[in-house]
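Taking it in order: structure first as structure tokens, then the write-up.
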Amino acid sequence: MANRRALHFVFKVGNRFETACFYRDVLGMKILRHEEFEDGCKAACNGPYDGKWSKTMVGYGPEGDHFVTELTYNYGIGSYQLGNDFLGITVASRQAVSNARKLKWPLSEMGDGVFETKAPGGYKFYLQDCSPPQSDPVLKVTLAVSDLQKSLNYWSNLLGMKIYEKDEKEQRALLGYADNQCKLELQAIPGKVDHATGFGRIAFSCPQKELSDIEDLMKRENQKILTPLVSLDTPGKATVQVIILADPDGHEICFVGDEAFRELSKVDPEGNKLLDDAIAGDKSDEWFAAQKKPKATG
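UniProt numbering numbers the first residue of the sequence shown as 1 and each following residue consecutively.
If you want it as structure tokens, here you go:
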């Protein structure tokens with residue numbers, strides 16, 4: 001599976017201004033591209049919503065060789081309910097720790113130079129106060145699972161991820177497609193995994209010709225396919241093919257054709273301006289305030 005790449009994790013955000021400040025000013029990430037859409041995504045990239053939404057890709061470098069975050073914003077929805085499914089993203093960045101302290105962004109010391117912080121909306125990040133051991137400071141995404149062995153069978157045996165570490169006592173495992181890529185950490189928890197409404201999605205790329213093979217495999221293995229192979233259009237950019245899966249705990253997994261995605265995901269030098277213009281032009285907060293109504297909770 002050498003040609004597969006870890007791409008991004010999707011977060012739903014309720015306040016784009018505060019969220020952009022966190023990613024840009026605290027984490028020190030860059031706005032790589034920003035896109036606005038009038039209708040909901042055919043692959044439910046923005047969740048189960050049909051209205052206007054936006055997508056902002058944020059990271060430490062180009063999507064071709066960095067793991068980034070995809071921030072989806074649904075106009076008119078101000079917050080989402082978090083479950084216990086997403087346990088955090090770990091970033092190795094001495095600068096991020098310094099930025100947080102300087103901006104008085106809340107940090108909780110976990111020991112061994114690791115600090116826990118939260119993005120607006122409550123998503124957890126773990127900041128390591130050190131230089132990154134690889135070119136990409138984003139080290140791992142941690143997801144909760146209810147049965148570690150069952151999840152390892154899915155992610156390793158079916159999706160082909162290599163198991164880098166496995167700790168039976170702590171009931172955790174670290175997986176990935178390549179040594180120098182962001183890893184996926186699975187952590188077993190008691191009881192069921194609850195996705196609530198703030199659930200995200202992890203994305204990987206593979207050669208486009210493999211997408212139908214993945215779909216066929218999941219059908220043969222009676223695994224859940226949330227969105228069968230479909231083409232997604234972005235105005236003025238490349239059309240990509242994706243398939244959306246769900247693991248045994250319902251974690252959403254997107255596989256996208258790599259060739260078209262590399263074209264789609266080129267860094268847009270106007271990304272910062274497009275996001276700032278969209279935030280400035282979004283008068284929904286003012287409208288809801290004037291009507292003395294709260295924004296909807298997703």
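Virtual Cβ for every residue (Gly too), placed ideally from N, Cα, C.
Excluding the 5 residues flanking it on each side, Met218 has same chain C-beta neighbours closer than 7 Å at Ile225 and Leu245, in chain order. Checking the DSSP bridge columns, you'll see Asp167 partnered with Arg172. Spanning the alpha carbons of Phe255 and Lys292 requires a straight line of approximately 42 Å. Taking 9 Å as the cut-off, the Cβ atoms of Glu63 and Lys237 do not count as close. Between Arg16 and Asp268, the gap from beta carbon to beta carbon reaches 9 Å or more. In terms of Cα proximity to Gly191, the closest of Arg101, Asp249, Ser131 and Leu127 is Asp249.
Rounded to whole angstroms, the separation of the alpha carbons of Leu274 and Asp167 is 44 Å. DSSP places Asn222 in the coil class of the three-state scheme, outside both helix and strand.
Looking at Phe11, Phe22, Val97 and Lys42, the one whose alpha-carbon comes closest to that of Val242 is Lys42. Of the other Cβ atoms in all chains shown, fewer than 16 fall within 10 Å of the Cβ of Ile163; this residue is therefore exposed. In the structure shown, Arg4 adopts coil according to DSSP, grouped into three states. According to the DSSP assignment, Gln291 belongs to no alpha helix (DSSP H), since it is labelled neither H nor E.
Bounds of any beta strand (DSSP E) do not take in Ala100; it lies within the alpha helix (DSSP H) bounded by Arg94 to Lys102. Of the other Cβ atoms in all chains shown, 16 or more fall within 10 Å of the Cβ of Thr90; this residue is therefore buried. Classified as buried, Trp53 has 16 or more neighbouring CB atoms from the shown chains inside 10 Å of its CB.
Judged by beta-carbon spacing, Gln149 lies beyond the 9 Å limit of Ala92, meaning their Cβ atoms are not closer than that value.
If you draw a 10 Å sphere on the C-beta of Glu270, you find fewer than 16 other C-beta atoms in it, and that means exposed.
Note: His251 is not bridge-paired with any residue in the DSSP secondary-structure output. Residue burial is scored here from C-beta neighbours: Lys209 has fewer than 16 other C-beta atoms within 10 angstroms and is therefore classed as exposed. By the Cβ test, the stretch 98-106 is not in contact with the stretch 197-217, since fewer than three Cβ pairs between them sit closer than 8 Å. Around the beta carbon of Gln81, fewer than 16 other beta carbons lie within 10 angstroms, which makes this residue exposed. Taken through DSSP and simplified to helix, strand or coil, Gln128 comes out as strand.
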